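S.K.: Below is a structure I'd like to ask you about.
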Amino acid sequence: MHEMSLAEGIVQLVEDTVRADGCSKVKAVWLEIGQLAAVEKEALRFCFDAVTRDTVAEGARLEIIETPGQGWCMKCEGNVPVTALYEACPVCGSYQIQVTGGSEMRVKELEVE
Amino acid sequence: MCTTCGCGAGQTLIGGHALKQRKAGGQKMQYRTPDHSAHEHDHVHEHTHNSIDFGTGPAGAHAPGMTQARMVKIERDILSKNDSYANENRGYLAAHGIFALNLVSSPGSGKTTLLVKTIVALNNELKLAVIEGDQQTDNDAARIRATGASALQINTGKGCHLDAYMVGRAMEQMKLEDDSLLLIENVGNLVCPASFDLGEAHKVAILSVTEGEDKPLKYPDMFRASDLMLLNKCDLLPYLTFDANLAIENARRVNPNIQVIRISATSGEGMEEWLTWIKAGCQKAVAGRMGGA
């Protein structure tokens, strides 16, 4: 359940932004979550609803953009898609893969009023 | 803070005392809505309380059919707060030549026993301190203190991992010695601690041979985040069907660069290699402080 801590992190970033921006209401929060980021999206939604209560983000819509996992296969010397950390290269079967994308967890933007 | 699962600062205890509120987390803010702007001021109101002013939005105007909604770019990592606390911790540790390890594993892997043996072996050679993370009880810190080492217990309440803020406050309270070793025993959990940088030099994953060989595949994030895996309780291998080579192969599947030491806190197998690894890290931290000073 580290999604609860992540949701708290999101609310902190939202509050910082609202304070700097001076807007009065957050209508939606857009996140970018990588496929390899170890985040359970449904758990994050549940936690987000819980921790936004009595904050400026109460009732805000949570939009999650999932970014694909990507890696660099050292054997193929090329970019390959990675859907899970324990998977082999879909081209050559090697496990020598350096993950290059899909582990990000970012707050991208807010829709405010 | 959360009434649903209890995560958050509310139940976190360091050495039995409540963790003070995080710098940015605890403040409640008051926001003005267009039909309820600051009512606390004492000049004469020229508007009525039930009016709606469409001009108070950020655009300062209103066009029919258009709402005042707009997008604000943030582009920041969700864990950026934790990471900034982790960087503070890392800076402090580097400046004081302290080598810090974050020990992660599932409950029952033999972490604390291994830690006790490690401390006993190193006590005369190194200055060291331990931060213990558990949801409840002071039991582990008490076991460490019995060796004579200084230990501080963090209770995370219902929280499932240590974060950089908790560790930073614990470090403040402990007054760590220069050129020492700091061992941080995380909450027994192979999932959540993977994402939280504490400012340590390395995460060390402990997997015991009484678990499954496929644990690195089942919990890949933790083995991915770790630089060293200790395969613990190796003295039991003759009595089990556990395939040590397969476990190591699985760990390397998720993390081709992970180092592995086969170890047993009971028989002492592999202890020398582990202690040598620690001492090399400590020397590097001391050299880094000298170089940076």
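For the record, the sequence lines run as chains A and B.
Residue numbers for the first sequence follow my numbering, so the first one is 1 and each next one is one higher.
Residue numbers for the second sequence follow my numbering, so the first one is 1001 and each next one is one higher.
A virtual CB, placed ideally from N, CA and C, is assigned to each residue, including glycine.
Predicted model only: the values in this text are computed from it and were never measured.
Using a Cβ-Cβ distance cut-off of 8 Å, determine whether B/Cys1302 contacts chain A.
M.R.: The structure shown does not extend to residue 1302 of chain B, since chain B is modelled only from 1001 to 1293, so the question has no answer here.
S.K.: Does chain A have any CB closer than 8 Å to the CB of B/Arg1169?
M.R.: Cβ-Cβ to chain A under 8 Å: no for B/Arg1169.
S.K.: Given a cut-off of 8 Å on the beta-carbon distance, is the pair B/Met1071 and A/Glu63 in contact?
M.R.: Not a contact, by the Cβ cut-off of 8 Å.
S.K.: Alpha carbon to alpha carbon, how far is A/Lys27 from B/Gly1270? Give it in angstroms, no decimals.
M.R.: Each residue's alpha carbon lies about 56 Å from the other.
S.K.: Just to confirm, is the Cβ distance from B/Gly1097 to B/Val1286 under 8 Å?
M.R.: Yes; because the gap between Cβ atoms is below 8 Å, this pair is in contact.
S.K.: Any C-beta of chain A sitting closer than 8 Å to the C-beta of B/Ser1195?
M.R.: Chain A contact via Cβ: present.
S.K.: Using the Cβ count rule (16 or more neighbours within 10 Å means buried), how would you classify B/Glu1211?
M.R.: Looking at its Cβ environment, which holds 16 or more other Cβ atoms inside 10 Å, B/Glu1211 is buried.
S.K.: Hey, how far is the Cα of A/Glu113 from the Cα of A/Cys23?
M.R.: If I take the Cα positions, the gap works out to 6 Å.
S.K.: Please state whether the Cβ-Cβ distance between B/Ile1144 and B/Val1167 is less than 8 Å.
M.R.: In this structure, B/Val1167 does not lie closer than 8 Å to B/Ile1144 by Cβ.
S.K.: Give me the chain A residues within the contact set of B/Glu1088, using Cβ-Cβ distance strictly less than 8 Å, ordered along the chain.
M.R.: What B/Glu1088 touches in chain A: nothing, since even the nearest Cβ is about 16 Å away.
S.K.: Determine the burial state of B/Gln1283: buried for a count of at least 16 other Cβ atoms within 10 Å of its Cβ, exposed for fewer.
M.R.: By the 10 Å Cβ count, B/Gln1283 comes out exposed.
S.K.: Could you work out which residue in B/Gln1135, B/Gly1281 and B/Lys1218 is closest to B/Leu1228 when comparing CA atoms only?
M.R.: The candidate whose alpha carbon is nearest that of B/Leu1228 is B/Gly1281.
S.K.: What did DSSP end up calling B/Asn1186 once you bin it into helix, strand or coil?
M.R.: DSSP places B/Asn1186 in coil when its eight states are reduced to three.
S.K.: Is it buried or exposed for B/Leu1240, if we count other Cβ within 10 angstroms and need 16 for buried?
M.R.: By the neighbour-count rule (16 or more Cβ atoms within 10 Å), B/Leu1240 is not buried but exposed.
S.K.: Tell me the DSSP secondary structure of B/Cys1005 in three-state form.
M.R.: Below a pLDDT of 50, predicted positions are generally treated as unreliable, and B/Cys1005, at 37, falls in that range; no measurement from the model is reported.
S.K.: With distance defined between alpha-carbon atoms, name the residue in A/Ile10, A/Trp72 and A/Arg53 nearest to A/Ile122.
M.R.: The requested residue 122 of chain A is not part of the displayed model; chain A covers only 1 to 113.
S.K.: For A/Lys27, decide whether its Cβ has a neighbour in chain B, counting only Cβ atoms nearer than 8 Å.
M.R.: Judged by the 8 Å Cβ criterion, A/Lys27 is in contact with chain B.
S.K.: Relative to the C-alpha of A/Ala60, which residue among A/Glu42, A/Trp30 and A/Cys73 is closest?
M.R.: Here the closest residue by C-alpha is A/Trp30.
S.K.: At a cut of 8 Å, does the segment 40-48 of chain A reach the segment 83-96 of chain A through at least three beta carbon pairs?
M.R.: Output reads no: the segment 83-96 of chain A does not touch the segment 40-48 of chain A.
S.K.: Starting from B/Val1191 and walking both ways along the alpha helix (DSSP H), at which residues does that stretch end?
M.R.: No alpha helix (DSSP H) contains B/Val1191, which DSSP labels as neither H nor E.
S.K.: Spell out a yes or no on whether the segment 1262-1278 of chain B and the segment 99-106 of chain A are touching, meaning 3 or more CB-CB pairs, one atom from each, closer than 8 Å.
M.R.: Contact fails: fewer than three Cβ-Cβ distances are below 8 Å.
S.K.: Here's the rule: buried if 16 or more other CB atoms are within 10 angstroms of the residue's CB, otherwise exposed. What is B/Met1290?
M.R.: With fewer than 16 other Cβ atoms within 10 Å, it is exposed.
S.K.: Taking all protein chains shown into account, decide if A/Gln70 is buried (16 or more other Cβ within 10 angstroms of its Cβ) or exposed.
M.R.: A/Gln70 should be labelled buried.
S.K.: Which one of B/Asp1221, B/Leu1162, B/Thr1266 and B/Asn1255 has the shortest CA to CA distance from B/Asp1134?
M.R.: Among B/Asp1221, B/Leu1162, B/Thr1266 and B/Asn1255, the Cα nearest to that of B/Asp1134 belongs to B/Leu1162.
S.K.: With a cut-off of 8 Å, do at least 3 Cβ pairs link the segment 1152-1160 of chain B to the segment 1097-1111 of chain B?
M.R.: With a cut-off of 8 Å, the segment 1097-1111 of chain B and the segment 1152-1160 of chain B do not count as touching, because too few Cβ pairs lie within range.
S.K.: Curious, which full-length beta strand (DSSP E) runs of at least 3 residues does the segment 13-52 of chain A contain?
M.R.: The segment 13-52 of chain A contains these whole beta strand (DSSP E) runs: 26-34.
S.K.: For B/Glu1200 versus B/Ile1184, is the C-beta spacing smaller than 8 Å?
M.R.: A contact, by the Cβ cut-off of 8 Å.
S.K.: Below 7 Å on C-beta distance, what does A/Glu58 contact in chain B?
M.R.: What A/Glu58 touches in chain B: nothing, since even the nearest Cβ is about 10 Å away.
S.K.: For B/Gly1281, which of helix, strand or coil comes out of DSSP?
M.R.: B/Gly1281 falls in the helix class under three-state DSSP.
S.K.: Below 8 Å on the Cβ atoms is my guess for B/Val1254 versus B/Pro1220; work out the distance and round it to an integer in Å.
M.R.: Indeed, because the Cβ distance is near 4 Å, the residues count as touching under 8 Å.
S.K.: For the segment 1099-1133 of chain B, which residues have a CB atom closer than 9 Å to at least one CB atom of chain A, in sequence order?
M.R.: The segment 1099-1133 of chain B vs chain A, Cβ under 9 Å: nothing.
S.K.: Report the option in B/Thr1266, B/Leu1230 and B/Ser1267 whose CA atom is closest to the CA atom of B/Ala1244.
M.R.: Ranking the options by Cα distance to B/Ala1244, first place goes to B/Leu1230.
S.K.: Return the CA-CA distance between A/Lys25 and A/Phe48, expressed in angstroms with no decimal places.
M.R.: Spanning the two alpha carbons is a distance of roughly 16 Å.
S.K.: Is B/Leu1246 buried or exposed, if buried means 16 or more other CB atoms sit within 10 Å of its CB?
M.R.: Result: exposed.
S.K.: In chain B, which residues lie less than 8 Å from A/Gln96 when you measure between Cβ atoms?
M.R.: The contacting residues are Pro1256.
S.K.: Along the alpha helix (DSSP H) that carries B/Gly1097, what are the first and last residues, could you check?
M.R.: Counting along the chain, B/Gly1097 falls outside any alpha helix (DSSP H), and DSSP gives it neither H nor E.
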